[in-house]
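Going by the UniProt record's numbering, the sequence shown opens with residue 1, and the numbers climb by one from there.
C-beta atoms are modelled at their ideal positions from N, C-alpha and C, and glycine is treated no differently.
Bear in mind that the values here come from a model prediction, so they are computed numbers and not experimental data.
Worksheet: the structure to be examined is printed underneath.
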Amino acid sequence: MTKLLNIIITIITFLLIACTPSLFENQQFNISKYIRTVKKTSSYIFHPQDITFTNKISNIDRNLFPFFIEPLINSLIILFSSLIIAFIFSFIFTYLLYSNKFIKRYYVKLNTFLSIIPDIFYIPFAISLVVIFYQYTDILLFNIADDYQNKAIVFPILVLSIIPFVNSSTYLNSILDDESNSNYIQFSKSKGLTKKELFYHHILRNLTISYLINFKHIIWITLSSLLLLERIFNIHGLSSFIFDYGDPEVLFVTFILIYIPISLSLLFIEKIITRMTGIQGGL
């Protein structure tokens, strides 16, 4: 019942946010127009196939569906691929921090510097590296922008994965420090377990649970960066419908179709946490 209520509240919130532009007209509040827009937009819940938008290039009205499907798939592929890559490499990197004091020492110094840099900085920095490499070697490692012949998929995924990777590594490192100094780890050491055995039999499980509990924070940070990344790489994704086709009904559908796969993934993560801990609870 609580989950159903949360879903209803979320949908209503999306509806109100999507209609917000109609609240302002000639630098004044127009409440009556806002209410009319909310009523009109909410009616599309029952017949979304009637939603249209105007293509800014051809100036032709088109149905949102099925035109919307390909950009949605593009965005979801980039989002979840980057999260999977970040998940894998953040755990590999955490193990290196655990097993190698040299890497750990320099990471602590580097992380102090990285902590003052906005996450979004990594996107133009990665693009600059590829461009500089191309200038010196005449070798283009990746296609860095969509065009009519080639789609930029691999490089945007790799660039976007940097953001959840850095956040995940920082978070996992703090958990690792707490786990390494815990009483049960010290007791296990006294019983003669090696560092490798301690990591795989004790620490890894707790790191995984902590990561999954923090996953909601990671996925929303990554999503916010994805919208800017799509603009920079000229990717025809969900950001096009948020920034270019700003009709309330288009925004509303976009919000809903972003929310559904993310909610399903969080529900899946919640089930894993419950299975691992035996504790029922929401993220």
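Counting along the chain, D178 sits inside the alpha helix (DSSP H) bounded by residues 154 to 180.
Here the alpha carbons of V38 and P164 stand approximately 35 angstroms from one another. Between the stretch 243 to 253 and the stretch 178 to 195, the count of C-beta pairs closer than 8 angstroms stays below three; the two stretches do not touch. If you check the CB distance, L212 and T94 do not come in under 8 angstroms. In the structure shown, the three-state DSSP call for N206 is helix. L223 and L172 have their C-alpha atoms spaced approximately 20 angstroms apart.
The stretch 23 to 106 is shown to contain whole beta strand (DSSP E) runs of 3 or more residues at 52 to 54, 61 to 63, in chain order. The alpha-carbon separation between S161 and H201 amounts to approximately 28 angstroms. S82 and P71 have their alpha carbons spaced roughly 17 angstroms apart. Taking a 10 Å sphere around the C-beta of G237, we find 16 or more other C-beta atoms and assign the residue as buried. By alpha-carbon distance to I17, the top candidate from I157, H217, I242 is I242. I85 and I157 do touch by the CB rule: their CB atoms are close to 7 angstroms apart, below 8 angstroms. By the Cβ neighbour-count rule, I132 is exposed, with fewer than 16 other Cβ atoms within 10 Å of its own.
Assignment of P118 by DSSP, reduced to helix, strand and coil, places it in the coil class.
DSSP, reduced to helix, strand and coil, places T194 outside both helices and strands of the structure shown, so it counts as coil.
Cα atoms of I221 and F268: separation of roughly 19 angstroms, rounded to the nearest angstrom. In this chain, the alpha helix (DSSP H) harbouring L257 covers 248 to 277. When K196, K33, F187 are compared, the shortest CA-CA separation from S99 is found for K196.
Only residues of its own chain outside the window of five on either side were considered, and among them I153, I157 have a CB closer than 8 angstroms to the CB of I77, listed in chain order. The Cβ neighbour count for S43, taken over all protein chains shown within 10 Å, is under 16; the residue is labelled exposed. For F142, the three-state secondary structure derived from DSSP is coil.
Following the DSSP letters along the chain, one finds H217 inside the alpha helix (DSSP H) bounded by residues 215 to 232.
If you draw a straight line from the Cα of R62 to the Cα of L226, it is about 25 angstroms long.
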